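Asker: Count the sequence shown with this note's numbering and you get residues 6 to 338, in order.
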Amino acid sequence: MYYGGKHRGCIEAPHLTKHGDYYYIMCAEGGTGYYHSVTMGRSKNVWGPYEPDPCNPILTSNPAIVNERADWDHLKPRYYNSDVKLQKAGHASYVDLPNGETWMVFHTSRPFTPELRCTLGRETSIQRMRWTEDGWLRTVSGSNLVEEFVEPSALPECPARQLPAYDDFDTAKLNMGYYAPRIDPESFVDLVSRPGWAGLILYYDNMNFLYLYKYYSETLDHSAISILELQNGVKREYHDTDSTRTFVEDGKDIYMRVSIRGRDVQFSWSVDGEEYAHIGPVFDISRLSDEYSEYGEFTGTFVGITCGDRMMHKHTADFDFFDYQAEEHANVE
6 MYYGGKHRGC IEAPHLTKHG DYYYIMCAEG GTGYYHSVTM GRSKNVWGPY EPDPCNPILT
66 SNPAIVNERA DWDHLKPRYY NSDVKLQKAG HASYVDLPNG ETWMVFHTSR PFTPELRCTL
126 GRETSIQRMR WTEDGWLRTV SGSNLVEEFV EPSALPECPA RQLPAYDDFD TAKLNMGYYA
186 PRIDPESFVD LVSRPGWAGL ILYYDNMNFL YLYKYYSETL DHSAISILEL QNGVKREYHD
246 TDSTRTFVED GKDIYMRVSI RGRDVQFSWS VDGEEYAHIG PVFDISRLSD EYSEYGEFTG
306 TFVGITCGDR MMHKHTADFD FFDYQAEEHA NVE
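(1) Less than 9 Å separating the beta-carbons of E17 and E34?
(2) Between the region 89-101 and the region 159-172, can you find at least three pairs of beta-carbon atoms closer than 8 Å?
(3) Are Y39 and R83 close, meaning C-beta to C-beta below 9 Å?
(4) Give the DSSP bridge partners of K23, in chain order.
(5) For E128, does the three-state DSSP call read helix, strand or coil?
(6) Mind checking whether Y216 and I232 have CB atoms under 9 Å apart?
(7) Going by other Cβ atoms of all chains shown within 10 Å of its Cβ, with 16 needed for buried, is G36 buried or exposed?
(8) Contact criterion: CB-CB distance below 9 Å. Does E254 meet it with respect to chain C?
(9) Considering only residues of the same chain and omitting the five flanking positions on each side of F342, which have a CB-CB separation below 6 Å?
(10) Using the Cα positions of S146 and A331, report the straight-line distance between them to the nearest angstrom.
(11) If you check the beta carbons only, do M134 and Y99 fall under 9 Å apart?
(12) Leaving out five residues on either side along the sequence, give the residues of the same chain with a beta carbon under 6 Å from the beta carbon of G278.
(13) Which term fits T224, buried or exposed, when burial requires 16 or more other beta carbons within 10 angstroms of its beta carbon?
(14) With 16 other CB atoms within 10 Å as the buried threshold, where does H283 fall?
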């Protein structure tokens, strides 16, 4: 039906649409890494065969034409293109608007350099497109290189509903911004029994994470807080100092905070929510990324709250609130 637009390999995610007299097949090629791209073919018969667009790929972060069908590495960092801000462009869908505009949405990533680590995983980007007289889809600029900024649509503005930055768990149902791997969060969250408090239990089998937690130490016969780090399955625990642990009063509430500035991560805690003390070293968040992981992940880094009882699987934790504050205009190299 369709062999692909070029020899980039790793063809996937076909979308089939009809525009005018033609059926169009849009695919991702090159793998979901630095050789990622959007290719297109068309046919007047839905069953094909589909004629490849002579200008494939129609969108990419690297337009180099190389035969990579035999390479199953989806990242291909050797194709990083320093001339563009948005890397890994691919996996697209397009829409024709009633006002005559055509837009395409697709995946991109923005890596930390020079390591090329994408902490946010796959991000959603948008490009303005146009149909040519001979029936092919092109960017408005005519280039197949992804652009960082595009002119806005002429459609009236329609603000999207924003997820709350502060959540005190006073609603009957959990807000839609929370996720859990392969499990519906409401299957282990109770917001009704104790209004204003949320008890979360989550076991997440992930090989890369940073975890600030309060626990009871049978060895020390006291509650304490610590940081647990996993790097590709290698475990390391951080206490307040090399020789002592940070003790907290049993049965008392504490406040936990994590601050991220660029690639620097710093954990801190407080007993009153006013005066915070740092705990642990400054971590490098770029390690929580697609490229650093040895397990081929692409979801990006999540921040959230969790509770783990790996022995009896019965203990719970109460969270009074969760507050997320983002600097929307921060630009990180």
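A virtual CB, placed ideally from N, CA and C, is assigned to each residue, including glycine.
Model, not experiment: these values are computed from the prediction.
Answerer: Taking the coordinates as given:
(1) By 1-based counting over the sequence shown, the position of residue 17 is 12. By 1-based counting over the sequence shown, the position of residue 34 is 29. The answer is yes: Cβ separation under 9 Å.
(2) no
(3) Looking up residue 39 in the sequence shown gives position 34. Looking up residue 83 in the sequence shown gives position 78. Cβ atoms of Y39 and R83: closer than 9 Å.
(4) Residue 23 sits at position 18 when you count from the first residue of the sequence shown. Answer by DSSP bridge pairing, in chain order: Y28.
(5) As a first step, residue 128 must be located in the sequence shown, where it is residue number 123. Under the three-state reduction of DSSP output, E128 falls in the strand class.
(6) One-based indexing of the sequence shown puts residue 216 at position 211. One-based indexing of the sequence shown puts residue 232 at position 227. Cβ atoms of Y216 and I232: closer than 9 Å.
(7) In the sequence shown, residue 36 corresponds to position 31, counting from 1. Under this definition G36 is a buried residue.
(8) Going by chain labels, chain C is absent from the structure shown, which holds only one protein chain.
(9) A question about residue 342 goes unanswered here, because the residues of the chain that appear run from 6 up to 338.
(10) As a first step, residue 146 is located in the sequence shown; it is residue number 141 there, counting from the start. As a first step, residue 331 is located in the sequence shown; it is residue number 326 there, counting from the start. Distance between the alpha carbons of S146 and A331 is about 32 Å.
(11) As a first step, residue 134 must be located in the sequence shown, where it is residue number 129. As a first step, residue 99 must be located in the sequence shown, where it is residue number 94. Against a cut-off of 9 Å, the Cβ pair of Y99 and M134 comes out as a contact.
(12) Taking the first residue of the sequence shown as position 1, residue 278 is located at position 273. Cβ neighbours of G278 beyond the five flanking positions: Y260.
(13) Mapped onto the sequence shown, residue 224 falls at position 219. Exposed is the call here.
(14) Your numbering for residue 283 matches position 278 in the sequence shown. Looking at its Cβ environment, which holds fewer than 16 other Cβ atoms inside 10 Å, H283 is exposed.
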